[in-house]
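Under the working numbering, read the first sequence as residues 1 to 575, first letter to last.
To start, the structure itself, in structure tokens.
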Amino acid sequence: MGESVAVEREQGVRLVRGSADGVNVTVIDSPETVAEPSDIPGAAWPRTVAEAESAHPRWAWRSSRVWYPRLLDAGMRVERCIDLTLCGTILRNAAVTVGTPLHGSPPAWSHGAGHVAVDDDGALFRMDDPEPSAPAVDEGAELRQQQAAVSEIVDAGAASRMRLLLAAESAGSLVAEEMRHAGLPWRADVHGELLVEALGAPDRFGGRPARMESLLVEIREKLAAPGLNPDSPGELVKGLQRAGINATSTRAWQLREVKHPAIPALLEYKKLSRLYTANGWSWLASWVHDGRFRPEYVPGGVVTGRWATNGGGALQLPKQIRAAVVADPGWKLVVADAAQLEPRILAGMAHDERMAAAGRRRDLYDGLVASGVVDTRAHAKVGMLAAMYGGTTGDGAKVLPRLTRAFPRATALVADAAATGERGGVVSTLLGRSSPEPSSEWFAGQAAASDPAATQEDERRARSRARDWGRFTRNFVVQGTAAEWALCWMAELRNRLATMTANSPGLARPPFDRSPHLVYFLHDEVVVHAPAELADDAAQAVRESAAAAGRLLFGAFPIEFPLTVAVVDSYDRAK
DNA sequence: ACTGTGTGCGCG
DNA sequence: AAAGCGCGCACACAGT
């Protein structure tokens, strides 16, 4: 079985247009053989899709966000798609499409425009009043433009990498909707117990919970500030100063340096306050229903290609509450994360054999120590971070020269990316996602600094902003390529998981009531909800998919992507 | 009452 | 004011 994200087994495209009432499908086996479009009543469309799936088509639609939830609600999944919105964003910005009509053109659809829209639950509805300013771009025209832009990429390698990126991004759009549909198993009762244990009893009238209230009394007493509101940073700084504490901010890491009887209570209060406001009872009430947490995932929501989320803070779930993520009875969670993903990505991109070797069959940072590059694992880690983020101070910067000597190829790659950014240039990931250009204000600032009339302050500011942008582009290539690896990992994984079937159905919603499926993704980490009898197979699939993703991105280059994998009942039990 | 910005902290 | 990237969210506070 070959890599299933790859585009070689392209079986033809089915272009989907229309609305919830009437769907229009056009079969496109090749640019020359375009069948007559067929109109399908909205109610019949899931069945039509189910019948067509046996031919493994690629469904081309405006976005999976709009079209896919209805299919999932009907209990079915699709194998492959083209998310024209996500692919359009990539192609319009990509350095490899410069010179094509698509490059730099406005997006085909502005958010919410057009006659199909999506409500809060992801259901389709017909918009009564489409934005008149929005150009009515036809999906067929958009698809042709995108295909033309890809076919005009001269370099064959760059073209196939871009095809892989578009396929992986589209697969990600399916995963995002499937994860939302399935939901992350969440035990509200466990979460509630956890809250009471940490915060004390909740206040009946929406005030501070018991434990926060008693800490508040203690803080006011020890600072001799009776009416003090510690939630107000301005008020708190003044209160601290009045108590003889030299504080300019209320950040926890800064307060930790201070020796004063009020500080421990204050730090504890801030910790609890965070839990209470971000993931307390009101979070639970608004985000967890029927035993599931269902955030909206936003593939490509970050410039680098990472995902973002909308609502619920799904990518910031504190470790503190992960015990509430519990597998259904008879099911398990398979939790996997990629070890030292970004340095490994960098080694692969730069074809840095020595760095790849340092990470073979072991922790990459330990490998740097073993090969004598640095003295401790901690130094290896902060040093690599400094290389990838552009650090200039502290222990990280101190070991940078050693890393540069040991790994000239890897360090040159990020140094070049930084230099390009400082000049205002565009950098790209391995598969071809490009960084945005700096703003016109940025260019204006750079130009002003080289004007004879420029002050030293102008120059200083311009240099600082140039370096800022250089750190962004430096990190962009690594973070963005890591995001591409993660997309390929998930795309492979969802296909492998879909072939597995348990004997008896579980509580999970169809089409996932018998199959292991992704329920969470966090940049370099996935959680699979699996029938217990299939958990070990799912864990194996997770590993195989990681290896497959490595081959998709780096071919035969010998870079490994080891995972930490745990089969557990609750998320906090992993690693 | 609404909107925009700054602060602080959670995650990778 | 985190040394060094990328985010989202809640709250306080200031402006309308």
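Where is the CB? At the ideal position from N, CA and C, for every residue including glycine.
Computed from a prediction, not measured in an experiment: that's the story for all the values here.
N-terminal and C-terminal residue of the beta strand (DSSP E) that Ser38 is part of: Ser38 to Pro41
Three-way DSSP call (helix, strand, coil) for Leu563 in this model: strand
Asn310 burial status per 10 Å Cβ neighbour count (16 or more: buried): exposed
DSSP beta-bridge partners of Arg14: Val27 and Trp59
Residue range of the unbroken beta strand (DSSP E) whose run includes Ala627: No answer is possible for residue 627: the residues shown for the chain start at 1 and end at 575.
Test item: CB-CB of Leu255 and Ile263 under 7 angstroms: yes
Runs of beta strand (DSSP E) wholly within the stretch 274-362 (minimum 3 residues, chain order): DSSP assignment within the stretch 274-362 yields the following whole beta strand (DSSP E) runs of 3 residues or more, N-terminal first: 296-298, 308-310 and 331-338.
Euclidean distance between Cα positions of Arg292 and Thr411: 44 angstroms
Selection from Thr100, Ile40, Glu177 and Val399 that minimises the alpha carbon distance to Glu79: Glu177
Cβ contact (3+ pairs, closer than 8 angstroms) linking the stretch 444-463 and the stretch 395-404: no
Residue nearest to Met76 in terms of C-alpha spacing, selected from Ser63, Thr48, Thr89 and Pro101: Thr48
Beta-carbon spacing of Gly598, Trp331 below 7 angstroms: No information on residue 598 is available, as it lies outside the stretch 1 to 575 that the chain covers here.
Reference Ala314; option with closest CA among Thr100, Val519 and Ala60: Val519
7 angstroms CB neighbourhood of Thr376 in its chain, flanking five on each side removed: Val369
Bridge partner(s) assigned by DSSP for Tyr520: Val527
Sequence-distant residues of its chain with Cβ nearer than 6 angstroms to Arg514 (five each side left out): Taking C-beta separations shorter than 6 angstroms and ignoring five residues to either side along the sequence, the partners of Arg514 in its chain run Thr501, Ala502 and Pro505, following chain order.
Exposure label - Asn279; buried when at least 16 CB within 10 Å: buried
Backbone CA spacing between Gly104 and Gly88 [nearest angstrom]: 10 angstroms
Asp186 classed as buried or exposed, judged by whether at least 16 other C-beta atoms fall within 10 angstroms: Note on residue identity: the sequence assigns Trp, not Asp, to residue 186. Here Trp186 is buried, its C-beta having at least 16 other C-beta atoms within 10 Å.
Option in Leu284, His260 and Arg208 with minimal Cα separation from Ala243: His260
Status (buried if at least 16 other CB within 10 Å, exposed otherwise) for Val217: With fewer than 16 Cβ atoms within 10 Å of its Cβ, Val217 is classed as exposed.
CA-to-CA distance, Ala108 to Ala134, given in whole angstroms: In this predicted model, Ala134 has a pLDDT of only 48, less than 50, meaning its place in the structure is not dependable enough to derive any value.
With 16 other Cβ atoms within 10 Å as the buried cut-off, status of His289: exposed
Pairwise C-alpha distance: Trp67 and Gly22: 12 angstroms
Bridge partners - Ile82, DSSP secondary structure assignment: DSSP links Ile82 through a beta bridge to Ala60.
Nearest to Tyr571 (by Cα), restricted to the options Val526, Leu552 and Ile559: Taking the Cα of Tyr571 as reference, the smallest distance to any Cα among Val526, Leu552 and Ile559 is reached at Val526.
Distance between Leu215 and Leu266 (C-alpha atoms, nearest Å): One Cα belongs to Leu266, the other to Leu215, and the distance between them is close to 7 angstroms.
For Phe472, the nearest candidate out of Pro452, Leu493 and Pro438 (CA to CA): Measuring from the Cα of Phe472, the nearest candidate turns out to be Pro438.
Cβ-Cβ separation, Arg543 to Ala94 (assumed contact under 8 angstroms), whole Å: Their Cβ separation, rounded to whole angstroms, is 32 angstroms, which puts Ala94 and Arg543 out of contact at 8 angstroms.
Whether Ala609 touches Leu91 by CB criterion (7 angstroms): Residue numbering for the chain in the displayed model covers 1 to 575; residue 609 lies beyond these limits and cannot be assessed.
Where Val427 falls, given that 16 or more other Cβ within 10 Å makes a residue buried: buried
Identified DSSP bridge partners for Ser585: Absent from the structure is residue 585, since the part of the chain shown begins at 1 and ends at 575.
Cut-off 8 angstroms between Cβ atoms - residues of its own chain near Ala201, not counting five sequence neighbours on either side: Pro209 and Ala210
Pro264 (DSSP reduced to helix, strand or coil): helix
Rounded straight-line distance, which links the Cα of Arg306 to that of Asp363: 24 angstroms
Arg423 versus Arg70 - alpha carbon distance: 47 angstroms
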